[in-house]
Structure formats: C-alpha cells, structure tokens
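Notes to accompany the following structure.
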Amino acid sequence: MEQQEKQDVISVQLKRLICHLESMRIAEYMELLERPGKLILINFIAGIARGLGIAIGASVFFAMVLNLLHQLILLNIPGIGNFVADIIHIVEMKNGKF
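In terms of the numbering used here, the sequence shown is numbered consecutively and its last residue is 103.
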C-alpha cells in the first residue's frame, strides 16, 4: 500500500512539474533557439523599440524641464532667474536657435 502512495505522490509532483514547464513556455523557447535568424530578428526589433522609446521619453522629459526653467525666468526671482536664463541661452546656442 505504501508503494502505491509513493507512486501517487510522484505522479502528482510530476504533473505539477509538467504544468509549471508548460506555463514557462519552455518548448517555444527551445524552438526559438533552434532558429537563430528569427531570434536575431526579434531581438533587433526589440532593440529598435527600446531605443525609440528612450529617445522619445528623453525628448519629452527635457522639453518639460526647459519649460519649467522658462517659467522660472518669467517669475523673475533674483539670482535664480539669471542663472536659468544663462542655462537656456546655452541650450539654445547648442541647438542653433541663435
């Protein structure tokens, strides 16, 4: 009887392992590794998407920072206004606006 219980426990654990491996999609990953061209293409597209996202995100972020600095200039706070104006002037010179 004890042998049957051990087999049942092993069977249940084996089923759990199979479900876990299927949920991790190991078979699809192994198929992808067998086709290096597809793997390279997927990674290339993912790299382009990451680079584009970083570029757009950085542009929006720096535009917001420059807008904030511009608003600080308009407040005309002594000391800070001149400093911020110098920073914006330097950035605009680098971008070719002057």
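Ideal Cβ placement from N, Cα and C applies to all residues, glycine included. Here the structure is a predicted model, which means the values were calculated and not measured.
Note on geometry: alpha-carbon atoms of asparagine 87 and glycine 52 lie some 41 Å from one another. A Cβ-Cβ distance of about 11 Å is found for the pair isoleucine 82 and alanine 90, leaving them out of contact under the 8 Å criterion. Bounds of the alpha helix (DSSP H) holding isoleucine 53 are 41 to 80. Bounds of the alpha helix (DSSP H) holding methionine 98 are 85 to 100. Where arginine 30 is concerned, there is no enclosing alpha helix (DSSP H), because DSSP gives it neither an H nor an E. Alanine 54 and valine 14 have their C-alpha atoms spaced approximately 47 Å apart.
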